[in-house]
Amino acid sequence: MSFLHAIILAIIEGLTEFLPVSSTGHMIIYSSLVGISKSEFTKLYTVNIQFGCIISVLVLYRRRFLQTTDFYFKLLVAFLPAAVIGFLLNDFIDSLLENVTVVAITLLLGGILLVYIDRIFKQFPRDYDVTFPEALKIGFFQCIAMIPGVSRSAATIIGGMTQGLTRKQAAEFSFFLAVPTMAAASGYKLLKTYKTIQSDDIQILLIGNVVAFIVGLLAIRGFVGFLTKYGFKVFGYYRIALGLLLLGLMAAGVKLDVV
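In UniProt numbering, the protein residues as written are 1 to 259.
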């Protein structure tokens, strides 16, 4: 993986991690199009640059992370389903990270859902925080995002809306839940592969995380305002168009799977 590809992947991660369009799916698509190999470092890099996005959440919502202990316990409850299922299915999930067909199908199906999601769940403002049972249910929704192309952000936001949260409330809880989830995924991947890291790789990882942090800051600020005002339709149409494009290319004989 070249330095340029690493920077572009970090930009993609920062832009798409908090949008309901699947950051993993977009990185898989880009890697396929430019021919990035499926080396251990590439897999590590695409997971590890989530650290930069984690810091962007902590910076923007630092006051929310200085709340009562209930806040942290609720995040822990919401995180547990993904921690258990992710640990048990780690190898299977890794194998899906190379499959563009899975990404195309989930982008398409998820896009159709997002087009209609605002009609399904009406907005009812509430002035109380997420409860423990609601946090657990949102945590199970997050597990769906282990399938590449689903989008962790979309899964958790939709999970929040099923519990009566507004779009903004659901999006912000999704950001908060991203912190323990991505920290665990990044840390676990680093622990498994740190012995294979070369000295040059460390520099790429550091720069990639800085880029993901800066782009993530901008993406979060823009997304909350856009989602509150316009809803999910635009993201749904984008996912549908991208999914159909990928399926069309593969039907035409273009090989897109990572090699």
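Cβ atoms here follow ideal geometry from the backbone N, Cα and C, with glycine treated the same way. From a predicted model like this one, the values you see are computed outputs, not experimental measurements.
Are the beta-carbon atoms of residue 102 and residue 35 separated by less than 8 Å?
-> no
State yes or no: is the C-beta of residue 117 within less than 8 Å of the C-beta of residue 240?
-> no
Curious, which full-length alpha helix (DSSP H) runs of at least 4 residues does the segment 13 to 74 contain?
-> List check, alpha helix (DSSP H) in window: 23 to 34, 40 to 48 and 50 to 60.
Spatial neighbours of residue 78 within its chain, please: CB distance less than 6 Å, with the 5 preceding and 5 following residues excluded, ordered by chain position.
-> In the same chain as residue 78, and ignoring 5 residues on each side of it, the C-beta atoms closer than 6 Å to its own belong to 135, 138, 139 and 177, in chain order.
Are residue 260 and residue 236 closer than 8 Å when you measure CB to CB?
-> Nothing about residue 260 can be reported from this structure: the residues present for the chain run from 1 to 259 only.
Is it right to say residue 37 is buried, meaning 16 or more other beta carbons lie within 10 angstroms of its own, or is it exposed?
-> exposed
Which of helix, strand or coil does DSSP assign to residue 259?
-> Confidence is the limiting factor: at residue 259 the pLDDT is only 46, short of 50, which leaves the residue's position unreliable, though a coordinate-based value still follows. Correct three-state label for residue 259: coil.
Assuming residue 53 and residue 173 form a contact by the criterion Cβ under 8 Å, report the distance between their Cβ atoms to the nearest whole angstrom.
-> So it is not a contact: roughly 16 Å between Cβ atoms.
Between residue 115 and the ligand FMN, is the CB less than 7 Å from at least one heavy atom?
-> Ligands are entirely absent from the displayed structure, and the ligand FMN is therefore not among its contents.
From this set, 84, 170, 145 and 104, which residue's C-alpha is nearest residue 128's C-alpha?
-> 170
Straight-line Cα distance separating residue 99 from residue 259 | Confidence at residue 259 is low in this model, with a pLDDT of 46, below 50, so its placement is unreliable and the value that follows should be read with caution. Distance between the alpha carbons of residue 259 and residue 99 is about 10 Å.
Contact check, residue 163 vs residue 81, beta carbons under 8 Å | no
Starting from the N-terminal side, write out each stretch of the beta strand (DSSP E) that is 3 residues or longer and does not extend beyond the segment 121 to 179.
-> The qualifying runs do not exist here; there are none.
Taking Cβ positions, are residue 182 and residue 50 nearer each other than 8 Å?
-> yes
Residue 182, DSSP secondary structure in three states | helix
Would the beta-carbon of residue 7 fall within 8 Å of that of residue 30?
-> No, the Cβ-Cβ distance between residue 7 and residue 30 is not below 8 Å.
Roughly how many angstroms separate the alpha carbons of residue 69 and residue 151, rounded to a whole number?
-> Roughly 28 Å separates the two Cα atoms.
Whole-number beta carbon distance between residue 74 and residue 18, since they are thought to touch under 8 Å = Rounded, the Cβ-Cβ distance is 19 Å, inconsistent with contact.
Which one of 194, 92, 56 and 65 has the shortest CA to CA distance from residue 217?
-> Of all alpha-carbon atoms in 194, 92, 56 and 65, the one lying nearest the alpha-carbon of residue 217 is that of 56.
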